[in-house]
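Numbered per this note's numbering, the first sequence spans residues 586 to 1232. Every residue, glycine too, gets a C-beta built ideally from N, C-alpha and C. All of these numbers come straight from a predicted model, not from anything done at the bench. Contents: one structure, followed by commentary.
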Amino acid sequence: MIKITFPDGNTKEYNKGVSGLDIATSISPRLASEIIAVGINGKTIDTTLPINEDANIKLYKFEDVEGKDAFWHSSAHIMAEALEFFYPGIKFGIGPTIENGFYYDVDLPEGKTISENDFKKIEEKILEIARGKHNIVRREVSKKEALEIFTNKGDQYKLELINDLQDGTITLYTQNNFTDLCRGPHLPNTEFVKAVKLLNIAGAYWRGNEKNKQLTRIYGISFPKQKMLTEYLELLEQAKLRDHRKLGKELELFTFSDKVGKGLPLWLPKGAMLRERLENFLKKVQKDYGYLPVITPHIGQKELYVTSGHYAKYGADSFQPIHTPAEGEEFLLKPMNCPHHCEIFNSSPKSYKDLPVRLAEFGTVYRYEQSGELHGLTRVRGFTQDDAHIFCTPDQLKEEFLKVIDIVLYIFKTLDFKDFITQISLRDKEDKSKYIGSDENWIKAENAIIEAAKAKNLETVIEYGEAAFYGPKLDFMVRDAIGRKWQLGTIQVDYNLPERFELKYKGSDNQMHQPVMIHRAPFGSMERFVAVLIEHTAGKFPLWLTPEQAVIIPVSEKFNEYSKKVLNLLNNYDIRTSIDERNEKIGRKIRDNELKRIPFMFIVGEKELETNTISVRKQGEGGDLGNLTVEQIVEIINNEIKLQLNK
RNA sequence: GCCGAUGUAGCUCAGGGGUAGAGCGUUUCCUUGGUAAGGAAGAGGUCAUGGGUUCAAUUCCCAUCAUUGGCUCCA
């Protein structure tokens, strides 16, 4: 007998060799039918595998991450079988579970293509296989045997994978007519899969290396209930409605023009107003923290970027140098503000008493991003960083870094960004050639960041290979409406550029010393930040930020005169207001302004004219909130703004 | 940059080898209306661009450009 301990601490004795499924069955048949995988002492295994020793057990359903993982992994195998049915000779790369669903990378037979039109028949085939209730059978094989099987099948990708595996650890899973190399765990049988949807199709390099062949990647998702699929698809639809590219157009915030060039955003008046408010908000914060505004040009001599290392790293893949009539004279569009700021630091001799120097600029930079990478406002070729560089003594580094974290957290809090990931971006352990500077400097910088994050009790994830080429970063990442992660705020420690630009200050010992630099941008870039803000708020911006705070809606033209009077009053109180003077019925005007997400609507008619008031309606809340005087509503608005900015 | 998809009116989209359609928006007129769509009439398109096939191309083919889903990259 062995002792099984359940998550609630209860224990029960079972015969040696009992399976997770047996244990679930002993509790309830219902439970047994929902169990997808089993956790044994922290390791996830198949429900049918025997358990031979005392263990802590967890029974995973679809609702658990471990359950979803097995569920979608099996779904990928079933999809592979369906694909093999339609495309004999197809070869398989990898087919893992992802956050929402699964994919399989496949190499289609010569001359065959697959398109979204084929999805329906593949989905039907998947469900047909699923309904067959085929057991998914695990088999341990020797490396030799595994190699034989896939040599016979002619699947070179699997062979490549097997060659990287240790003998004795190789398992195969078979359902119906399909066998795949797989670590598992998997569903007990195919019938668990009740609903499936193939989502999209994409190219993906074998093993993520662009020198390798590009395989066809098919994404899908599956569920144990049809209803769950329907709900998931609805969720996707709703996310699409929040997409900043759609809302940016609808709310007239920004646009692009082929004639200007791709990846070069044009801010429309309302978008510019919004952005300007964000900038002013940050300027005020930075003033309080002792930053000094500077302004630098959009281009600089090529030599500047040779010095900084940008040219060697990105020069060939960038916007190309600007040539002048003068022989040999070359300028570059600035890809970063730091070299200019270094030169400002260098413009006068510094004493340790001058430090830290904090130079801030909303600096527009230009980077020739790969064309396939451009995306709305989140990745563009011309954008404005809320950039600043802090030049400080090594002793001041920690405190300065902590203060920057405070700024970022304050901004995120004010704007209600709750779901963000704090990521420590370090060097690639394998390939240090991607970076400039000495090991010593890198270790110092990386430690400084790790310590600062610790001091602030930030819950961080460490990502290797994500550092900037001149230094490690602390990045603040958020997700957009379609679940993609973007870096917003970033704080970077840099010992390297001070060296390259020969930055110096005179210390109390009367010797020259090198300052440390902190690069930081709480928003990251105005473009990306606004994009994410649009998606997080679904276009319903906080009152202090929104381009139009209120609209006056006259019940009929007879009240236009009174509307203008109200407008003047509100303007005097700095409330951003306009009048909807269109010859439309009031219901129509309300609907249109609701859709424009204007926070307040002030309806004025006979009653309001007589009592010298306005009828107040709040966006998204419907109905009539009663009559107020202009002074009263101004107070309400100002209080709400105060609340938003002081939290 | 690579693989796939898409490109028709300001917007969202239908259509299809014989020189184009809807809804919304816009304009004009009627209506002067009380908290999420009042009515009528009109204007608006070299069907992304350039080639090719064809008696005939917006439709089929090729290329380019742009958008888009991924991959790679990301200062």
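Where does residue i land, buried or exposed, given buried means 16+ other C-beta within 10 angstroms?
i                 : result
glutamate 677     : According to the sequence shown, residue 677 is phenylalanine rather than glutamate. Per the 10 Å Cβ criterion, buried.
valine 650        : exposed
phenylalanine 671 : exposed
glycine 717       : exposed
valine 1115       : buried
aspartate 873     : exposed
alanine 901       : exposed
proline 1139      : buried
leucine 1228      : exposed
proline 694       : exposed
arginine 1173     : exposed
serine 956        : exposed
aspartate 740     : buried
lysine 1003       : exposed
leucine 877       : exposed
lysine 1014       : exposed
Just to confirm the assignment, what range does the alpha helix (DSSP H) spanning residue i have?
i               : result
methionine 1245 : As displayed, the chain neither begins before 586 nor continues past 1232, which places residue 1245 out of reach and without an answer.
asparagine 1145 : 1145-1157
glycine 948     : Premise fails: glycine 948 lies in the beta strand (DSSP E), 942-951, not in any alpha helix (DSSP H).
arginine 1314   : Here the chain comprises residues numbered 586 to 1232, so residue 1314 is not present and cannot be evaluated.
proline 924     : 923-930
threonine 881   : Counting along the chain, threonine 881 falls outside any alpha helix (DSSP H), and DSSP gives it neither H nor E.
methionine 813  : 811-827
threonine 556   : Here the chain has residues from 586 to 1232 only, and residue 556 is not among them.
Kindly list the residues whose CB is nearer than 6 Å to the CB of residue i, restricted to its own chain and excluding five residues on each side of it in sequence; keep chain order.
i               : result
tyrosine 925    : Per the sequence presented here, residue 925 reads as histidine, with tyrosine not at that position. Only Thr881 meet the Cβ criterion.
isoleucine 1076 : Val989, Leu1059 and Arg1105
aspartate 1256  : Residue numbering for the chain in the displayed model covers 586 to 1232; residue 1256 lies beyond these limits and cannot be assessed.
Apart from the five residues on each side of it in sequence, which residues of its chain come closer than 7 Å, Cβ to Cβ, to residue i?
i                 : result
asparagine 1081   : Ile1021, Gly1022, Asn1026, Tyr1055 and Gly1056
proline 941       : Ile975, Phe976, Cys977, Gln981 and Glu985
alanine 1066      : Ala824, Arg827, Asp828 and Glu1120
phenylalanine 763 : His662, Ala665, Glu666 and Glu669
valine 1215       : Val1151, Leu1154, Leu1155 and Ile1199
asparagine 785    : Tyr804
Between which residues of its own chain and residue i is the CB-CB distance below 8 Å, once the five residues before and five after are set aside?
i              : result
aspartate 607  : Tyr599
glutamate 1051 : Gln1008, Ser1010, Leu1011, Lys1058 and Asp1060
glutamate 1087 : Asn931
tyrosine 995   : Val870
isoleucine 714 : Ile663, Glu666, Ala667, Gln760, Asn761 and Thr775
Tell me the residue span of the beta strand (DSSP E) that contains residue i.
i              : result
leucine 973    : One point to set straight first is that residue 973 is alanine, not leucine, in the sequence displayed. Residues 967-977.
serine 1163    : 1162-1164
tyrosine 790   : 780-790
serine 1200    : 1199-1203
histidine 1104 : 1101-1106
glutamine 955  : Run containing glutamine 955: none; DSSP gives neither H nor E here.
proline 1139   : 1135-1139
lysine 588     : 587-590
With DSSP as the reference, label residue i as helix, strand or coil.
i               : result
serine 604      : strand
aspartate 1060  : strand
tyrosine 1055   : coil
aspartate 749   : coil
arginine 768    : coil
glutamate 1084  : helix
glutamate 730   : helix
glycine 561     : The structure shown does not extend to residue 561, since the chain spans only 586 to 1232, so no value can be given for it.
arginine 1176   : helix
aspartate 1001  : coil
threonine 775   : helix
glutamate 1193  : helix
leucine 987     : helix
histidine 908   : strand
asparagine 797  : coil
tryptophan 1071 : strand
glutamate 598   : strand
query = Quick check: the region 863-879 against the region 936-956, are there 3 or more CB pairs under 8 Å?
reply = When Cβ pairs closer than 8 Å are counted between the two stretches, the region 863-879 is seen to touch the region 936-956, the count reaching three or more.
ask   = So does the region 997-1015 actually touch the region 1034-1047, counting three or more Cβ pairs closer than 8 Å?
value = yes
ask   = Touching or not, the region 786-804 and the region 683-701, by the rule of three or more beta carbon pairs under 8 Å?
value = The region 786-804 vs the region 683-701: in contact.
ask   = With contact counted as at least three CB pairs below 8 Å, one residue from each stretch, are the region 619-630 and the region 779-788 in contact?
value = no
message = Quick check: the region 1156-1164 against the region 1125-1139, are at least 3 beta-carbon pairs closer than 8 Å?
response = yes
inquiry  = Does the contact criterion of 3 or more C-beta pairs under 8 Å hold for the region 952-966 versus the region 1088-1106?
reply    = no
message = Quick test of the definition: if touching needs 3 or more C-beta pairs under 8 Å, does the region 846-856 touch the region 917-934?
response = no
ask   = On the three-pair Cβ rule with 8 Å, is the region 834-850 touching the region 907-919?
value = no
key: Contact between the region 707-714 and the region 724-736 (3+ Cβ pairs under 8 Å)   = Contact between the region 707-714 and the region 724-736 is absent, because fewer than three Cβ pairs lie under 8 Å.
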